[in-house]
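Here's what the structure looks like:
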């Protein structure tokens with residue numbers, strides 16, 4: 001169970017870390033400050049400067065071969081293991097823009113994986129190539145208003161067969177990335193057989209984002225932020241026609257595709273959140289060492305040594321658990337690794353939230369203001385406690401796996 | 001130690017609760033949705049509709065005598081005790097707009113208390129009357145960039161004597177309410193004798209908000225929000241002239257005024273945060289009862305019964321502690337009550353944050369979106385863990401009070 | 001809602017506190033050190049010195065009228081309210097022997113309450129008088145091996161009618177106090193109608209402890225301790241005959257009696273556990289102030305100020321919650337007070353365990369050794385988390401009471 | 001960073017696990033039940049049956065070559081790495097007697113390491129050989145009454161030079177194993193130069209346990225238990241003469257020896273505590289699955305799924321952290337591994353205590369009684385939070401290591 005950094009990935013980690021720190025981080029604030037400054041007043045249009053920043057960085061990364069690391073166990077890309085990727089993802093988690101710069105950001109990686117693994121050749125030609133090149137972006141269209149997503153069998157968005165087409169009607173929301181004008185393709189889960197067995201009711205479609213009949217009702221807000229121009233959009237589909245050949249894998253096999261997509265997606269979030277926690281701990285130490293009150297460095301006041309020690313111990317443990325889950329995926333496959341993925345999916349966001357919260361507290365008001373990146377880290381991490389399944393559901397999976405040891409033997 | 005709801009306050013509580021629930025809550029969302037819609041594009045201008053909502057509600061409250069409850073132990077207002085006020089403040093905490101509607105909102109109550117207690121008659125005539133009438137608003141100008149506010153002796157914003165005037169220079173930030181065009185008066189703490197003994201260095205000034213030389217550099221953001229039009233402004237003072245008679249209480253007595261102001265201000269926040277936690281618990285129960293997954297009500301899944309029980313037990317305990325601190329203020333005075341105020345200042349925000357966090361989790365994505373008030377509750381409460389002193393400083397006060405029992409005897 | 005110390009109880013509290021501190025505490029260690037030194041080698045016999053200590057202290061307490069305080073709302077005893085009793089019980093919680101010295105210890109108080117409230121006159125004459133006088137002790141015989149006591153309907157210990165007698169067969173365990181040679185009376189719950197409705201299956205009997213056919217199988221150990229000579233005995237009943245007139249309240253009404261007994265019993269444990277936590281906090285402060293390491297007082301190292309502040313805040317809150325539950329009992333009755341009793345039953349032991357645990361940690365090895373009373377406090381408190389219902393069951397009650405607000409309206 | 005179970009150790013783990021489960025566990029209860037049954041009445045004498053059990057098991061283990069695994073990185077023993085040993089120690093942690101059966105128990109392993117690493121040849125001949133053979137046992141004599149052991153420079157037990165001898169005077173306590181009649185050798189730290197620099201004041205002696213002048217004052221109790229016949233003895237030394245050649249490594253080098261001894265000792269405790277937590281989780285699952293209340297399996301009530309999931313996640317993380325610390329020792333040496341050892345020294349006991357506590361709670365009264373091993377697990381683990389340095393001191397080390405990253409660069 002080698003959880004260490006391999007030699008080949010160590011070189012990549014160093015390049016990525018340097019680029020994140022020296023080239024991406026310095027532009028991250030400017031990028032965000034540009035939001036809403038498009039001449040049209042449309043927050044969901046990138047300004048020229050935003051595109052310049054983003055495209056400039058992406059071009060550099062691609063040129064250096066720092067690209068598509070997430071393609072693990074594949075002949076495309078670097079052919080890394082999931083364990084190796086974890087070390088890279090951690091670095092990318094430290095700055096908001098970084099994952100996209102290396103073409104390793106959600107929801108694209110999951111969507112590319114769906115197309116790569118389950119897509120027909122024409123789908124690959126039409127969308128996957130451009131996604132792998134970073135020329136377009138994508139959205140994963142699953143969540144519905146009024147339905148607990150954790151129980152996906154309840155999803156009711158309708159697709160009805162009509163000749164050679166399927167006709168889609170209903171609402172979807174929290175569609176991350178659907179605000180981005182570069183978002184060209186949707187992978188969408190629809191209910192095609194409401195009366196069928198629980199795991200055969202749904203079908204996965206792939207379609208152009210500009211298919212007629214799709215309307216953006218509003219952006220969903222995350223702690224008051226619209227996350228423009230990325231956005232988490234609330235969409236309405238009215239008689240949207242999609243040809244039958246746009247079905248991924250097969251009618252009634254939506255669940256299977258969704259499951260295959262989720263494992264890697266979940267762990268990638270966790271990997272990045274560990275990097276984010278490292279960044280927060282670094283900021284906390286620096287604040288403690290360089291700020292004074294009552295004639296002492298803040299670090300020497302109160303329980304701050306304990307807070308720092310606890311943060312270090314929890315980061316270290318979460319990282320190792322994440323690496324073990326990755327190693328399970330590499331060696332036993334995603335399905336067998338599920339209980340470990342569920343474990344890290346609960347552990348990593350909770351741990352990172354705690355570290356960021358302590359860092360905010362050490363910074364006082366500054367810690368929740370625009371003068372540090374901590375608030376954005378926090379709100380992002382807080383969403384991870386529901387995204388891809390709420391903690392409660394993952395805890396249930398872990399407990400079930402545990403109890404099976406005694407009931408199946 | 002009667003911590004119960006007195007008969008006279010019970011009637012007021014019922015009126016306030018009804019008005020909050022039936023008249024204020026239904027308009028709260030609309031009020032916030034109006035932010036940024038002023039024709040000028042200036043987010044720090046109220047729209048006509050905002051003023052209509054606010055002034056309409058305030059007029060009704062005033063007319064009904066539901067006004068200035070915070071004036072405890074006073075011949076003005078209702079002459080309530082702090083314990084009685086606690087029950088009213090709790091109701092006002094449940095909806096964002098409510099405290100202002102009843103002229104009981106921060107920072108005005110603290111500022112009015114300063115003027116009432118320490119102000120010269122001319123100051124009362126000029127500012128206090130209008131504040132008590134709800135015609136103007138105010139700001140408390142203390143925090144400075146680069147200084148740990150918890151160690152107020154470090155505050156360095158300069159006031160220099162120049163003839164009969166004082167000349168103010170420096171920056172102040174996190175000045176809540178200074179964005180509001182109705183904010184007409186500042187109470188400002190400046191360093192007038194940097195070499196003096198620690199608690200004699202500072203002087204409190206009262207001044208018109210439009211005194212020349214004051215510039216708004218920017219609004220400070222709270223988790224990405226500018227809280228417009230209220231705002232937490234970053235101000236720059238350049239050679240701002242204030243006559244000597246504008247000094248409150250006396251030169252070098254700024255600390256004394258600040259201390260007198262802080263006790264009630266701190267506990268009012270706590271009282272409201274308890275109401276807010278009650279509201280969050282209510283929302284959590286309703287979600288649990290009315291949402292289904294896996295064929296069950298969500299409330300019947302996982303650890304939700306325990307989560308609800310824990311929330312109830314923690315709210316109950318925090319409320320009792322808050323009432324005891326209030327009773328100490330009523331019977332022993334604010335100074336003697338300090339350790340209890342510090343206790344509740346630590347306990348109430350942490351407790352409320354936890355309850356709101358659990359409520360968010362039960363709601364899933366909806367819980368952090370614009371579709372529930374939970375996110376705003378959370379970000380507001382998070383600021384309370386530094387505002388008026390970070391938890392660490394209050395814990396230190398509590399511990400010191402405890403240890404004095406053994407070292408002073 | 002007056003939760004304060006009334007004038008009449010203040011005087012009693014001072015007397016009790018003084019006697020606990022000056023007369024009981026100094027003998028507590030000696031009393032425990034005598035365990036097992038009876039010439040017979042029987043650990044469940046008091047030594048002469050133990051009886052001398054115990055009887056001497058009891059005689060003094062009785063003579064001073066510091067006796068039977070627990071008889072709240074009664075014309076016997078002091079006629080205190082439950083709130084008033086709480087302040088006394090807190091003092092008695094500080095030293096292991098104290099509650100018995102004042103004839104206020106479990107399980108006698110609960111058993112006396114059963115006899116007083118539900119017992120026939122002959123039962124009172126035969127047992128209650130001597131219990132009130134402190135001449136005998138008693139046991140409550142309910143728990144059975146192999147049955148989750150929290151679901152009392154499962155209790156299966158059999159009583160069969162045979163002429164005018166009932167014949168008892170089965171095992172009972174964790175019968176606290178049944179090891180004490182002074183234990184003269186049992187109140188016992190038996191299943192008399194296994195097929196009846198859930199709450200009519202059981203009947204409560206009162207009987208002499210030396211009724212033939214009762215055998216002590218073994219003492220149950222608590223963290224390795226047999227708590228001799230008090231003991232928590234595992235008993236076996238073989239054809240034990242009890243006349244029908246020994247039934248309390250009526251056949252099939254065992255549940256009703258049990259419920260009536262439990263409320264006060266539960267809260268008394270909580271009251272004492274708060275006193276115990278106060279004692280532990282005192283010990284912790286003294287250790288911190290008087291021990292040195294690395295050239296500093298221990299209190300000035302690490303997070304100790306925070307630990308002390310947290311302890312103070314949690315004790316204060318738990319005490320207030322306990323007082324509120326007591327006040328509910330006084331003003332609304334035990335039944336209506338149930339959710340509050342459940343709350344404090346969860347809160348008080350958890351809180352006290354945490355404070356004692358922190359105190360042990362500050363003492364290092366000494367904190368778990370015979371050189372401090374902390375270990376005994378801890379093991380005693382740990383049992384409270386199941387005794388009279390495990391935390392999980394009480395949390396469930398609290399949650400249900402909460403949810404009823406929304407489902408019954 | 002291979003943290004997995006190597007092939008060679010896998011075979012050993014299977015043998016050890018089988019022997020622990022099938023041969024040692026069934027006798028563990030009987031062994032403990034024999035305590036105090038020696039005909040002399042002396043609890044610190046093994047009964048014939050105890051010796052039969054112990055010697056029988058040891059002989060089998062030795063014969064099978066399941067012996068002295070702890071000798072890592074050595075040409076004696078199995079030559080295992082510390083990572084490999086961790087997997088074995090985990091199995092040994094599951095049953096109280098097991099570590100001794102395989103000659104891998106504290107304090108012998110630490111003492112053998114001292115002799116092996118720093119001892120003169122004659123010391124090895126006289127004591128080490130017999131210790132390695134399991135013929136005698138040993139004690140480490142360091143802790144003193146009245147001194148915070150974490151600040152070892154304070155230790156004041158005196159050794160004075162007198163001709164060719166040193167004369168020892170003073171008290172030592174918490175000397176684990178010194179109650180055992182088989183304990184034949186002491187390794188003792190004495191203050192030989194109170195005025196010297198902090199780390200040169202002390203000298204380490206090795207000596208026969210029966211050297212004249214040593215008196216056992218009493219056994220220290222752990223939560224009321226004397227842990228006979230092992231014991232944690234309080235010793236008094238009166239003019240005890242030890243020849244100068246009995247000094248280990250050199251005069252004034254006691255600290256160096258103590259430091260070298262501590263690293264492995266600390267991590268071995270952690271490894272075993274992880275096995276113990278696994279055992280407790282197993283017991284918890286079995287109870288939940290096989291006990292019923294309210295018509296359901298207990299596991300299906302309340303928050304039990306969450307409790308089990310949390311236990312699994314915390315065990316998994318602690319194990320990985322322990323393995324990483326072991327790997328650091330293997331690859332970078334004990335000194336460089338210190339911050340990781342400190343981390344796991346805080347994490348493992350806290351985690352295990354929590355798991356055992358939850359297990360006890362699920363068992364109710366049974367969980368703290370002699371009918372399950374949980375109480376003994378708990379009290380043992382509780383001592384680990386001070387043994388070899390209290391949590392607070394290890395947290396401080398971890399924080400310092402963290403902050404050095406920013407201050408030394």
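Protein chains in written order, with full-length UniProt numbering: chain A, 1 to 409; chain B, 1 to 409; chain C, 1 to 409; chain D, 1 to 409. For each residue, glycine too, the CB sits at the ideal point set by N, CA and C. Just so you know, these numbers come straight off a predicted model, no measurement behind them.
How is residue 243(D) classed by DSSP in three states: helix, strand or coil? Correct three-state label for residue 243(D): strand.
Let's see if you can read the secondary structure: which residues bound the alpha helix (DSSP H) around residue 369(A)? Element bounds for residue 369(A): n/a, residue is neither H nor E.
Should residue 40(D) go down as buried or exposed, given a rule of 16 or more other Cβ atoms within 10 Å for buried? Classification for residue 40(D): exposed.
Beta-carbon proximity list for residue 398(B), same chain, < 8 angstroms, skipping 5 on both sides: The answer, listed in chain order, is 339, 342, 343, 346.
Going by the CB atoms, is the gap between residue 266(B) and residue 388(B) shorter than 7 angstroms? Cβ distance < 7 angstroms, so residue 388(B) and residue 266(B) count as in contact.
Under 7 angstroms between the Cβ atoms of residue 239(B) and residue 167(B)? Their beta carbons are under 7 angstroms apart, which means residue 239(B) touches residue 167(B) by this criterion.
Short-range partners of chain G found in the stretch 272-283 of chain C, where Cβ spacing is below 7 angstroms: Checking the listed chains, one finds no chain G in this structure; the protein chains it contains are A, B, C and D.
Bridge partners - residue 214(A), DSSP secondary structure assignment: Residue 214(A) pairs with 237(A).
Assign residue 135(C) to buried or exposed, taking buried as 16 or more other Cβ atoms, counted over all protein chains shown, within 10 Å of its Cβ. With fewer than 16 other Cβ atoms within 10 Å, it is exposed.
Taking residue 125(B) and residue 243(B) to be in contact with their CB atoms under 8 angstroms, please state how far apart those CB atoms are, rounded to whole angstroms. About 15 angstroms separates the two Cβ atoms, so there is no contact after all.
Is the shortest distance between the beta-carbon of residue 75(D) and the beta-carbons of chain B less than 7 angstroms? False, the Cβ-Cβ gap to chain B never drops below 7 angstroms.
Which of the three DSSP states is assigned to residue 176(D) in this structure? Shown here, residue 176(D) sits in a strand according to DSSP, grouped into three states.
I need the boundaries of the alpha helix (DSSP H) containing residue 255(D), first residue and last residue. 254-290 is the extent of the alpha helix (DSSP H) around residue 255(D).
How would you call residue 195(B), buried or exposed, if buried means at least 16 neighbouring beta carbons within 10 angstroms? Around the beta carbon of residue 195(B), a 10 Å sphere encloses fewer than 16 other beta carbons of the protein chains shown; the residue is thus reported as exposed.
How many angstroms separate the CA atom of residue 351(B) from the CA atom of residue 30(B)? Answer to the nearest angstrom: the Cα atoms are 29 angstroms apart.
Under 7 angstroms between C-beta atoms, does residue 317(D) make it to chain A? For residue 317(D), the answer is yes, since a Cβ of chain A falls inside 7 angstroms of its Cβ.
Residues, ordered as in the chain, of the UniProt domain "Acyl-CoA oxidase/dehydrogenase middle" (139-236) of chain C that lie near chain A by beta-carbon distance below 7 angstroms: If the cut-off is 7 angstroms between Cβ atoms, the UniProt domain "Acyl-CoA oxidase/dehydrogenase middle" (139-236) of chain C has nothing near chain A.
Selected residue, minimal CA-CA separation from residue 76(B), among 375(B), 182(B), 133(B), 12(B): Taking only the C-alpha atoms, the option nearest residue 76(B) is 133(B).
Report all residues from its chain with a CB closer than 7 angstroms to the CB of residue 50(B); omit the five preceding and five following residues, and keep chain order. Answer for residue 50(B): 31, 34, listed in chain order.
Relative to the C-alpha of residue 411(A), which residue among 70(A), 153(A), 315(A) is closest? The question about residue 411(A) has no answer here: the residues shown for chain A are numbered 1 through 409.
By the DSSP assignment, the alpha helix (DSSP H) with residue 143(A) in it spans what residues? Where residue 143(A) is concerned, there is no enclosing alpha helix (DSSP H), given that its DSSP letter is neither H nor E.
Are the stretch 139-158 of chain C and the stretch 293-300 of chain D touching, with three or more C-beta to C-beta distances below 8 angstroms? Touching, yes.
So, is residue 113(B) buried or exposed, given that buried needs 16 or more other C-beta atoms within 10 angstroms? Residue 113(B) comes out buried.
Report the three-state DSSP secondary structure of residue 34(D) (helix, strand or coil). Of the three classes helix, strand and coil, the one that applies to residue 34(D) here is coil, per DSSP.
Please name the residue in 219(D), 158(D), 143(D), 56(D) whose C-alpha comes closest to that of residue 180(D). Looking from the CA of residue 180(D), the closest CA among 219(D), 158(D), 143(D), 56(D) belongs to 219(D).
On the DSSP bridge assignment, give the partners of residue 425(D) in chain order. In the structure as shown, chain D starts at 1 and stops at 409, and residue 425(D) therefore has no counterpart that could be examined.
Do we get a CB-CB distance below 7 angstroms when we pair residue 325(B) with the residues of chain C? With 7 angstroms as the cut-off, residue 325(B) does not count as an interface residue toward chain C.
Residue 55(B), buried or exposed, once every other Cβ within 10 Å from all chains shown has been counted against 16: That one is exposed.
Would residue 69(C) pass as an interface residue toward chain D - the criterion being a Cβ-Cβ separation below 7 angstroms? Taking a beta-carbon distance threshold of 7 angstroms, residue 69(C) does not count as an interface residue toward chain D.
Indicate whether at least one CB of chain D lies closer than 7 angstroms to the CB of residue 369(C). Put simply, the CB of residue 369(C) is near chain D, with a gap under 7 angstroms to one of its CB atoms.
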